[in-house]
Amino acid sequence: MSSHHESIIREPLITGENITYAKVTEDVLVPVENKANKAWWIGFTIAALGALMWVVAVSYTFWNGIGAWGLNKTVGWAWDITGFVWWVGIGHAGTLISAVLLLFRQNWRNSINRSAEAMTIFAVICAATYVISHMGRPWLAYWPLPLPNQFGSLWVNFNSPLVWDVFAISTYFSVSLVFWYTGLLPDIATIRDRATGLRRKVYSILSFGWNGSVKTWQRFEAVSLILAGVSTPLVLSVHTIVSFDFATSVIPGWHTTIFPPYFVAGAIFSGFAMVQTLLLIARKVMNFENYITMFHIESMNKIIIVTGSIVGVAYLTELFIAWYSGAEYEQYAFLNRVSGPYWWAYWTMMTCNVISPQLFWFKKIRTSIAASWILSIVVNIGMWFERFVIIVTSLHRDYLPSSWVMFYPTWVDVAVFVGSIGLFFTLFLLFLRFLPAIAMAEVKLLVKTSSEQSKKALIKAGKVDKEHAKFYVESLDKYDSVNQADYAKI
Amino acid sequence: MSKVKYILGHFADPDEMMHGIDKLHQNNIPVYDVFTPMPIHGIEDKLGVKRSRLPIAAFCFGATGTLTAFAMIYYMMVHDWPMNIGGKPAFAIPDFVPIMFELTVLFGAFGMVGTFFYKNHLFPGRAPRVMDLRATHDRFIIAIDAQEIKDAKKVEGLLKEAGAVEVLHNERKYVSYE
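Taken in order, these protein sequences are the chains called Y and R. Under this note's numbering, the first residue of the first sequence is numbered 260, with each subsequent residue one higher. Under this note's numbering, the first residue of the second sequence is numbered -6, with each subsequent residue one higher.
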């Protein structure tokens, strides 16, 4: 119940003075109900230009075939699948925040889940475009589906992880979309009831006629919980199956049983880094400092250390197992990764993913906004290189030394990748402009229990242990949105 | 007989609203419905709303998905066109598992959400049946059917006593139609 106060020693999840239910709505809807500011237009213009480049590059690929890319006979997968795995991985943090943290009752997810889920959906869209365009003949993209056909009714091969992937990614995308949209309904209804004219009509259609009655909320909560329950194994299965695309093949460097957990940890790692990259800017530009607090940033940084360390252990285990297996092809694949012509890619990956996140052990660094943002970009770069290393360095020297080559991207490769980032940001900026970026209904649940204001009132009323109050006030030191002087008086 | 159809008690605080429901119950005044901007935990028990059966629906839809996937793969891989892949068995159950799992989730999620939308009449373009526009913003609203009560003054008094900031006597049920 909303009247139960949580322990005083927990950090507040909402800061600021006079936080009321009305203020939550008004603060969150500022970007939706007002004209976009200059920062938004500048960002949107750049992102839209990027998306335009993506359209050009992908159209060029469709017109000329994948010969437009730098692929050759030996390296048949390169930037395309690197980009695909990178984007799918990024998507995973959204589901982790919305589903896994819901099951674990981590209330700090309430103010970041909406934008993280949006990020998931847009990242999976970017990933899916790679899948379609790397097929070469996108108009035959329906071939992996088990449809009755004219080829002697030969069905798709259900023993193949590539077919599993089709089912996994499409299920993941559609279930994430449903989860996200169902959660949006009450908030769209809020916009609807405050709007007039055409805006009201549009949001009315989008709100599905939500009215917030007891039975609606009760079913809504049941639906959210079960969707979280099914999305949790789903998100793990998706990246497991993505890793099967590699692990079930017989290419040295790919054929390892460690891949599923290693890919899943890497996905969460890169996804949280991307959430951090986006939210640190969004909180500043959109004045969400009171809702996305230093506690949120620090918690995400902690998850980045944990998953980054898991990834680090996986890299070392891979090296050890390659040596321990005694299989010379496997040994060579890893020796070539570490010290071959792509050594720089391997060591970029190692530095960005394993070494630099360890800086978050220092409290100063993990509670610094600038450092968190820079490191989140570093992790994003590192995770791109991880996929590049796994894919290209395993392929470029195959069993026949006469076919050993290097991979050089063409301008189309680069334009598709950079363009996909533009597409992602275009979608994300549109989302920030037209839909509430923070789940208002869920944040309202925290107003009475976990806000700085309510905790301050408790301390003022002398209802808490002095020691605990002191500990609590000290924990507020790291917040950039809390004024410590207010507490000196109490 | 007055033209008032519904009495709405506006509360600014969810706990006061819960208190208001208690007050009304003590005086045998039936609550028509409650509209809130956020889920209120524990309100179902208070209003005697039965536990949602959506989880059961989700299970049934999920099981349908599992069976559909199994039947489809079995038909295609074993019955209709068994392929000889290195002499391995066509009926390779472990390879069926990933897609059986995915379709379980897919059917379960869509079936459950579809049922939720169907039962609550939620669909794109439905005219919102909203009794008060602030119920999605910052007010917790108890609605009382004016036809079912005798003394409207008493109801207003009870609501105010419980902490209602405003009590409305509406002559139309839904304001959103205006």
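Just so it is clear, CB atoms sit at the ideal spot from N, CA and C, and this is done for glycine as well.
- Sorting R:A139, R:A136, R:G118, R:N113 by C-alpha distance to the C-alpha of Y:V461 places R:G118 at the top.
- Counted as a single uninterrupted DSSP element, the stretch harbouring Y:Y667 is not any beta strand (DSSP E), since DSSP gives it neither H nor E.
- Contact between the segment 341 to 361 of chain Y and the segment 520 to 537 of chain Y is present: 3 or more CB-CB pairs across the two stretches fall below 8 Å.
- The C-alpha of R:E37 lies about 19 Å from the C-alpha of Y:K703.
- Y:P695 and Y:V291 have their alpha carbons spaced roughly 7 Å apart.
- Membership of Y:N372 in the alpha helix (DSSP H) is indicated by the continuous run 372 to 393.
- Distances from the CA of Y:L539 to each of Y:A382, Y:G678, Y:D739, Y:V283 were compared; the closest alpha carbon is that of Y:D739.
- Identification of residues in the segment 18 to 52 of chain R having a C-beta nearer than 8 Å to some C-beta of chain Y yields D26, V27, F28, T29, P30, M31, P32, I33, H34, G35, I36, E37, L40, V42, S45, L47, P48, A51, given in sequence order.
- Proximity of the segment 453 to 460 of chain Y to the segment 391 to 408 of chain Y falls short of the contact definition, fewer than three beta-carbon pairs being nearer than 8 Å.
- Residues of chain R with a Cβ closer than 8 Å to the Cβ of Y:T284 are, in chain order, P30, H130, D131.
- Rounded to whole angstroms, the gap between the alpha carbons of R:E154 and R:R122 is 28 Å.
- In the three-state reduction of the DSSP assignment, Y:K714 falls in the helix class.
- The three-state secondary structure of R:A120, taken from DSSP, is coil.
- Proximity of R:N77 to chain Y, defined by a Cβ-Cβ separation below 8 Å, is not satisfied.
- Pairing R:E164 with R:K(-2) gives a Cβ-Cβ distance under 8 Å.
- Contacts with chain R (Cβ-Cβ distance below 8 Å) from the segment 455 to 486 of chain Y involve S463, I464, L465, S466, F467, G468, W469, N470, G471, S472, V473, K474, T475, W476, Q477, R478, F479, E480, A481, V482, I485, L486, listed in chain order.
- Each residue's CA atom was taken as its position, placing R:L152 and Y:V283 some 25 Å apart.
- Think of a sphere of 7 Å around the beta carbon of Y:V489: the chain R residues whose beta carbon falls inside it are V98, G101, A102, in chain order.
- Counting the other Cβ atoms within 10 Å of the Cβ of R:A120 gives fewer than 16, which makes it exposed.
- A Cβ of chain R is located within less than 8 Å of the beta carbon of Y:P445.
- Of the residues Y:V544, Y:G721, Y:Y280, the one whose Cα lies closest to the Cα of Y:R692 is Y:V544.
- In the DSSP assignment, the residues bridged to R:F133 are R:F4.
- Look at the beta carbons and you see the segment 467 to 487 of chain Y touching the segment 37 to 52 of chain R: at least three pairs across the two are nearer than 8 Å.
- In the DSSP assignment, R:K81 is bridged to R:I78.
- Residues of chain R with a Cβ closer than 7 Å to the Cβ of Y:P405 are, in chain order, M65, M69.
- For Y:A358, no Cβ of chain R is located within less than 8 Å of the residue's own Cβ.
- Ranked by Cα distance from R:I134, the first of R:G104, R:M11, R:V27 is R:V27.
- Y:E587 is classed as exposed because its beta carbon has fewer than 16 other beta carbons within 10 Å across all chains shown.
- Just measuring C-alpha positions, the residue of R:T108, R:P48, R:M69 sitting nearest R:A83 is R:M69.
- Here the alpha carbons of Y:L443 and Y:W414 stand approximately 39 Å from one another.
- In the three-state reduction of the DSSP assignment, Y:S472 falls in the strand class.
- In terms of Cα proximity to Y:L360, the closest of Y:V572, Y:H555, Y:L406 is Y:H555.
- The shortest CA-to-CA distance from Y:I278 to any of Y:S709, Y:E733, Y:D724 is the one to Y:S709.
- Fully enclosed alpha helix (DSSP H) runs of no fewer than 4 residues occupy 518 to 544 of the segment 500 to 544 of chain Y, in order along the chain.
- Of the residues Y:L272, Y:S631, Y:T652, the one whose Cα lies closest to the Cα of Y:F619 is Y:S631.
- Taking the Cα of Y:L705 as reference, the smallest distance to any Cα among R:S(-5), R:R46, R:D6 is reached at R:D6.
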